[in-house]
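Each residue of the sequence shown is one higher than the last, beginning at 177 in the working numbering. Beta carbons: idealized from backbone N, C-alpha and C, even for Gly. Just so it is clear, the structure is predicted and the values come from calculations on it, not from any experiment. Structure first, then comments.
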Amino acid sequence: MAEAPAIEPLYEARKRIHPQSVTGTFRRIKWALLVLTLGIYYLLPFVRWTRGPHEPSQAVLIDLANGRFYFFFIELWPQEVYYVMGLLILAAFTLFLMNAVAGRIWCGYLCPQTVWTDLFMAVERVIEGDRRERIRLDAAPWSPSKVAQKLSKHTLWLVIAWGTGGAWVLYFADAPTLVKDLATGRAPFVAYLWIGILTFTTYVLAGFMREQVCTYMCPWPRIQGALTDRHSLNITYRFDRGEPRISAKKSAALRAKGEPAGDCVDCFQCVTACPAGIDIRNGLQMECIQCGLCADACDAVMVKLGRPTGLIAYESEDNLERFQRGEAPVYRLVRPRTVLYGILIAIVGIAMLTALALRSFTGLAAIHDRNPLFVTLADGSVRNGYTLRLLNKRPVERSFALTVEGLPGARLEAIGAPGDHGKAMVSVGSDTTHEVRVLVFAPAGAKLEKSVPVTFRIVDVASGEVASAHDHFKAP
Ligand code: SF4
Ligand code: SF4
């Protein structure tokens, strides 16, 4: 009887990675970006911005209760959500451009998953030591000192995770007030709930799942292939630097005999430094987040051996072939793909800036009464009723002159607002909307169609800013 074929497991159990710490250019860039991005994230809610007496003084605030988004001098209303869409489109094109220039550098340097994982690893290193000590500790039986180390690490991780959730909710309310309310237990339940959710996700994603998020959960590695080309820079092993990969001693002996030997001494420093646990010498792999730490590790080895650095480096596929042909590298940052992304970024950026610069701070909307559509009064005049909503997006109270056009001899009356026959004066508080009921009268004997188009217009008496709304006047 034929033997049944062996069944391959569908899922591979995770191999625990204990990355070795490294020093070098890319590590320094990563530290600098970590401090910068986390500094912005944790401190931005406390930055103040003066807008006006009745306006929030927080520079960046998502005010869900009042439907406002504040970003320094910009204030967006819910109906201006298209600016957020524009920002997302801009972010997508910027990501495409970064990918076309240097692969997944977003992933390796700026992605929140990478930044928080780096921070969690730094804490782990301080408490449990570097790679070898951590491997030894994990393999050791439980002892009071191991419990103390693990407890300290997880406590610190939870404090960072809690701080991350805590900072997030500060973007949704006045930060100093919310901090006091949180400390005294008077903050709304939803604030504690969100802090709890984000504490949990940060702790699990950065403490335990780490590279698995980048490899299995993130869609980016799956689409990046379509966004790079043979001129994109990616962390690459320089195959042209020779084979075989053997120890420094053996390679020196081979070279002394005039036989070839590669620059790689097979020390595995690049593999042990890799937070994704891969060997970049096997070629570009989906798991690689382009963090450059393997390049730093290898450069340190090359310096020690007195060999040229850059055995692992940001290089393009095109340059790899050039190296193999013995030609000098060519770096083509400006090419159709990057130019196209650059143009798209410029177009969206300019469109958004123009829209912001020309943005109106005044608005008007009109709704005709549904029932009755018109009323014929005892003197023969015809009356229509409307509800008008006036928008004042400025941080000061404003006075508007309201008129109606398109109906000769018409009289307008705004309930509760002063005015004469031609117009009404309506005041609207700072940064708010005001609803007013308006009656329009067509004089007796006026020749009227069944539906006459009319335009309501408001003019700011101080600045002259204008807004209008169109509707119809109904007649018998
Ligand atoms: S292979 Fe190098 S660049 Fe890629 S993830 Fe590992 S250390 Fe980072
Ligand atoms: S660190 Fe450099 S020398 Fe060592 S194995 Fe990696 S590529 Fe080879």
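Below 8 Å on the Cβ atoms is my contact criterion, and I expect Y259 with M528 to pass it. Report the Cβ-Cβ distance as a whole number of Å. The residue labelled residue 259 in the question sits at position 83 within the sequence shown. The residue labelled residue 528 in the question sits at position 352 within the sequence shown. Yes, they are in contact, since the Cβ atoms of Y259 and M528 sit about 7 Å apart, within 8 Å.
Is any heavy atom in ligand 1 found nearer than 7 Å to the beta carbon of L516? Here residue 516 refers to the residue found at position 340 when the sequence shown is read from its first residue. Not a single heavy atom of ligand 1 lies less than 7 Å from the C-beta of L516.
Tell me whether the segment 609 to 616 and the segment 587 to 594 touch, counting them as touching only if at least three CB pairs, one residue from each stretch, are closer than 8 Å. The segment 609 to 616, when compared against the segment 587 to 594, does touch it at the 8 Å Cβ threshold.
Check for me: the beta strand (DSSP E) holding L588 runs from which residue to which? The count along the sequence shown starts at 1 and reaches residue 588 at position 412. Where L588 is concerned, the enclosing beta strand (DSSP E) stretches over 587 to 590.
With distances taken Cα to Cα, identify the nearest neighbour of R307 among A489, M462, S536, C450. Working through the sequence shown from its first residue, we reach residue 307 at position 131. The residue with the shortest Cα to Cα distance from R307 is C450.
Let me check understanding here. Comparing Cα to Cα, which of S319, F576, S423, M478 lies closest to G128? Because the chain in this structure spans residues 177 to 652, residue 128 falls outside the shown range and cannot be described.
For ligand 1, is there a heavy atom less than 7 Å away from the beta-carbon of P451? Numbered from its first residue, the sequence shown carries residue 451 at position 275. It does: the Cβ of P451 is within 7 Å (strictly closer) of some heavy atom of ligand 1.
Nearest neighbour of T271, chosen from K623, I216, C287, T530 [CA to CA]: Taking the first residue of the sequence shown as position 1, residue 271 is located at position 95. Here residue 271 turns out to be Leu, not Thr, going by the sequence shown. Out of K623, I216, C287, T530, C287 has the C-alpha closest to the C-alpha of L271.
Quick check on the burial criterion: 16 or more other C-beta atoms within 10 angstroms. Buried or exposed for D507? As a working note, residue 507 is residue 331 in the sequence shown. Just to set this straight, residue 507 is Tyr in the shown sequence, not Asp. In this structure Y507 is exposed. Its beta-carbon is surrounded by fewer than 16 other beta-carbon atoms within 10 angstroms.
Can you tell me which of T608, Q388, C394 puts its alpha carbon nearest to the alpha carbon of K191? Residue numbering aside, residue 191 sits at position 15 when the sequence shown is read from its first letter. Among T608, Q388, C394, the Cα nearest to that of K191 is on Q388.
C-beta contact flag for A343 and P221 at 8 Å: Position 167 of the sequence shown holds residue 343. Position 45 of the sequence shown holds residue 221. Between A343 and P221, the gap from beta carbon to beta carbon is short of 8 Å.
Identify which residue in T579, R406, R498, G556 has its Cα closest to the Cα of G598. Translated into the one-based positions of the sequence shown, residue 598 becomes position 422. Of the residues T579, R406, R498, G556, the one whose Cα lies closest to the Cα of G598 is T579.
In whole angstroms, what separates the C-alpha of R280 from that of L209? Counting from 1 along the sequence shown, the entry for residue 280 is found at position 104. Counting from 1 along the sequence shown, the entry for residue 209 is found at position 33. Using only the alpha carbons, I get a separation of about 15 Å.
Can you give me the start and stop residues for the beta strand (DSSP E) that H544 sits inside? The count along the sequence shown starts at 1 and reaches residue 544 at position 368. Note, H544: beta strand (DSSP E), 538 to 544.
Is any heavy atom in ligand 2 found nearer than 7 Å to the beta carbon of D416? Locating residue 416 in the sequence shown gives position 240, where the first residue counts as 1. Because no heavy atom of ligand 2 lies under 7 Å away, the Cβ of D416 does not count as near it: no.
Spell out the partners DSSP gives Q255 in its beta bridges. In the sequence shown, residue 255 corresponds to position 79, counting from 1. The partner list for Q255 (beta bridge, DSSP) is empty, contrary to what the question assumes.
Given this structure, state the Cα-to-Cα distance separating L532 from R457, to the nearest angstrom. Reading the sequence shown from its first residue, position 356 is the one you call residue 532. Reading the sequence shown from its first residue, position 281 is the one you call residue 457. Going by the C-alpha atoms only, they are around 49 Å apart.
Taking the alpha carbon of R398 as the reference point, which residue from M478, F376, C464 has its own alpha carbon closest? Here residue 398 corresponds to residue number 222 of the sequence shown, with the count starting at 1. Comparing Cα-Cα distances from R398 to each of M478, F376, C464, the minimum goes to C464.
Am I right that L583 and A618 are in contact with their C-beta atoms under 8 Å? What's the rounded C-beta distance? Residue mapping note: residue 583 aligns to position 407 of the sequence shown, counting from 1. Residue mapping note: residue 618 aligns to position 442 of the sequence shown, counting from 1. Taking C-beta atoms under 8 Å as the contact rule, L583 and A618 qualify, at a distance of about 6 Å.
For V616, does the three-state DSSP call read helix, strand or coil? As a working mapping, residue 616 is identified with position 440 in the sequence shown. Strand, per DSSP.
Short check: CB of R565 to CB of S606, under 8 Å? As a first step, residue 565 is located in the sequence shown; it is residue number 389 there, counting from the start. As a first step, residue 606 is located in the sequence shown; it is residue number 430 there, counting from the start. For R565 and S606, no; Cβs fall outside 8 Å.
With H, G and I counted as helix, E and B as strand and the rest as coil, what does DSSP make of L286? By 1-based counting over the sequence shown, the position of residue 286 is 110. Here L286 sits in helix by DSSP.
Could you pull the start and end residues of the beta strand (DSSP E) that S575 belongs to? On the sequence shown, residue 575 is found 399 positions in, with the first residue counted as 1. First-last of the beta strand (DSSP E) with S575: 574 to 581.
R310, buried or exposed, once every other Cβ within 10 Å from all chains shown has been counted against 16: Here residue 310 corresponds to residue number 134 of the sequence shown, with the count starting at 1. Buried, since its Cβ has 16 or more Cβ neighbours within 10 Å.
In DSSP terms, what P629 is bridged to: Stepping through the sequence shown from its first residue, residue 629 is reached at position 453. Bridge partners of P629 according to DSSP: H648.
Environment of Y517 [buried if 16+ CB atoms lie within 10 Å]: Reading the sequence shown from its first residue, position 341 is the one you call residue 517. Residue environment analysis places Y517 among the buried positions, since at least 16 neighbouring C-beta atoms fall within 10 angstroms of its C-beta.
Have a look at Y562 and T631 and give me their C-alpha separation to the nearest angstrom. Numbered from 1 along the sequence shown, position 386 holds the residue referred to as residue 562. Numbered from 1 along the sequence shown, position 455 holds the residue referred to as residue 631. If I take the Cα positions, the gap works out to 12 Å.
In the DSSP assignment, find the unbroken alpha helix (DSSP H) run with V355 in it and report its ends. Counted from its first residue, the sequence shown places residue 355 at position 179. Looking at the DSSP string, the run of the alpha helix (DSSP H) that includes V355 is 351 to 360.
Residue from L549, A267, A349, H648 whose Cα sits closest to the Cα of L520: Position 344 of the sequence shown, counting from 1, holds the residue named residue 520. If we check each option's Cα against that of L520, A267 comes out closest.
Which residues does DSSP list as the beta-bridge partners of L624? For the purposes of this step, residue 624 is taken as residue 448 along the sequence shown, with counting starting at 1. Its beta-bridge partners do not exist; DSSP assigns none.
Residue nearest to R559 in terms of C-alpha spacing, selected from G621, V602, T530: The residue you call residue 559 lines up with position 383 of the sequence shown. Closest by alpha carbon: G621.
Mind listing, in chain order, the continuous beta strand (DSSP E) runs of no fewer than 3 residues lying wholly within the segment 357 to 402? Fully enclosed beta strand (DSSP E) runs of 3 or longer: not present.
Take the Cβ of E419 as the centre, count every other Cβ of all protein chains shown within 10 Å, and call the residue buried at 16 or more, exposed below. Locating residue 419 in the sequence shown gives position 243, where the first residue counts as 1. Around the beta carbon of E419, a 10 Å sphere encloses fewer than 16 other beta carbons of the protein chains shown; the residue is thus reported as exposed.
Return the CA-CA distance between A554 and P548, expressed in angstroms with no decimal places. Start at 1 with the first residue of the sequence shown, and residue 554 comes out as number 378. Start at 1 with the first residue of the sequence shown, and residue 548 comes out as number 372. Spanning the two alpha carbons is a distance of roughly 16 Å.
Please give me, in chain order, every unbroken run of the alpha helix (DSSP H) with length at least 4 that falls completely inside the segment 406 to 473. Those alpha helix (DSSP H) runs which fall completely within the segment 406 to 473 and span 4+ residues are 424 to 432, 445 to 449.
DSSP three-state call for F550: helix, strand or coil? For the purposes of this step, residue 550 is taken as residue 374 along the sequence shown, with counting starting at 1. Coil.
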